[in-house]
Amino acid sequence: MDKFTVVLQTMRPNFLTLAPVVIALVVSIEWYQGHAVDYGWLALIVVGALFAHISVNMLNEIQDFQSGLDKITPKTPFSGGSGALVDAPQMTQAVYKGFLVVMALLCLIGMLMVWYRGWPILLIGVIGMLLIIAYTRYITHMPWLCLIAPGLAFGPLIMMGADYVLTGRFSGVVLVLSMAVFFLVNNLLLLNQAPDIKADRTVGRFNIWMRLGQKGALRIFTLFSLMGFIVLVFAIEYYQLPAMLWLTLLALPLALFSVMRAYKAEMQISQLMPALAANVVLNHLLPILLIAGFWLAA
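Under the numbering used here, the sequence shown has 233 at position 238, and the numbering climbs by one with no breaks.
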């Protein structure tokens, strides 16, 4: 493979859809609340979020290759990494340089936001950078932090950051709905770890599956699935949000299906595929239904 192809694969472009979706949710909330949206800042927010996601993907690819994890991880459409560096190990330095370029651009965007929109963005940015740098090497060895890190990034950090850059203040509606995203995205990564338990244990990782065992991890998965919708119902009732948002409960059967299939699979990778697929769809469908509800009500 040529250098460009390898670097592109380590960015995992197929997995970069979630950040734009949750940012679109923030925009729909701003429109519903009557705020004008600056499309220049919106473009920078989207690019910055994508760069953050690409950065953590590339660093994860490099460090998983160096630890030997990529060579022993079972590959599924939802987990296991790209395998690009396993096939082209001589490209490791090129991928690392690409990672540094993306991180530099991300820092530049962050500094612009801090300079023009205010210091609260700095705290969000620092937490985000720490998650990027520490995720593979350190956070994956801390089961409880590993459990909540993905949801923290795609929920409160991205959504509250976008909210502040666009409006200059933090919205309670965005904060509460970011917690619905928080629970569901945590579940996305939690279930994706299931096929990798044996390989992860071999290289010293220690996540919730290892800390609590299969039954405990599935209980967390069930709890988080329910919490995502409980938070949603709370937001609609507490903030008297549009009745159209009740349509988001149409996604609840998908969450229940994912939970039931996860239990039924008994950790067999082939049997987990329907649950993994449903989990991915749910993480996109719920924000999209919220977006539709807010836009129809705006």
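All residues carry an ideal CB built from backbone N, CA and C; glycine is no exception.
All values derive from a computational prediction rather than experimental measurement.
Pull up the DSSP beta-bridge partners for Ser74, would you. Thr71
On the three-pair Cβ rule with 8 Å, is the stretch 272 to 280 touching the stretch 201 to 213? no
Does the structure place the stretch 70 to 77 close enough to the stretch 122 to 139 that three or more beta carbon pairs sit under 8 Å? no
At a cut-off of 7 Å, would you count Asp65 as near the ligand NAP, judging by its Cβ distance to the nearest heavy atom? With respect to the ligand NAP, the structure offers nothing, as it holds no ligand at all.
Anyone know if the C-beta pair for Leu179 and Leu242 falls short of 8 Å? no
Excluding the 5 residues preceding and the 5 following Phe10 in the sequence, name in chain order all residues of the same chain whose CB lies nearer than 8 Å to its CB. His48, Asn52
Counting only C-beta atoms, is Ile40 closer than 8 Å to chain D at any point? The structure shown contains no chain D; it is built from a single protein chain.
Within 8 Å, strictly: CB atoms of Tyr258 and Val168: no
Only counting the same chain, and skipping five residues up and downstream in sequence, which positions put a Cβ closer than 7 Å to that of Gly78? Asp65, Lys70
Looking only at its own chain, which residues have a Cβ that is under 7 Å from the Cβ of Asn182, when we skip the five neighbours before and after it? Phe216, Phe219, Ser220, Asn274
Am I right that Val17 and Val176 are in contact with their C-beta atoms under 8 Å? What's the rounded C-beta distance? 6 Å
Suppose the cutoff is 7 Å on Cβ atoms and the five residues either side in sequence are ignored; what does the same chain contact list for Gln291 look like? Rather than Gln, the amino acid found at residue 291 in this sequence is Leu. Here the set comprises Met239.
Suppose contacts are defined by Cβ-Cβ distances below 8 Å. Is Ile128 in contact with Thr87 by that definition? no
Going by beta carbon distance, what residues of the same chain come within less than 8 Å of Ile134, once the five residues before and after it are set aside? Leu126, Leu140, Cys141, Ala144
Output the boundary residues of the alpha helix (DSSP H) element that contains Gln61. 34 to 62
Selected residue, minimal CA-CA separation from Leu152, among Ala194, Gly105, Ala260: Gly105
Measure the alpha-carbon distance for Leu184 versus Ala194 and round it to whole angstroms. 16 Å
Residues in its own chain within less than 6 Å of Leu20 by CB, not counting five upstream and five downstream? Pro282, Leu285, Ile286
Should Gly35 go down as buried or exposed, given a rule of 16 or more other Cβ atoms within 10 Å for buried? exposed
C-alpha distance - Tyr27 paired with Met124, whole-angstrom precision: 31 Å
Within this structure, are the beta carbons of Phe229 and Val171 separated by less than 8 Å? yes
Beta-carbon within less than 6 Å of Pro115's beta-carbon, same chain only, minus the 5 sequence neighbours each way: which residues are those? Tyr159
Once DSSP output is grouped into helix, strand and coil, what is the label at His30? coil
If you reduce the DSSP assignment to three classes, tell me which class Ser220 lands in. helix
Are there 16 or more other CB atoms within 10 angstroms of the CB of Glu25, so buried, or fewer, so exposed? buried
Would the beta-carbon of Ala99 fall within 8 Å of that of Lys(-2)? no
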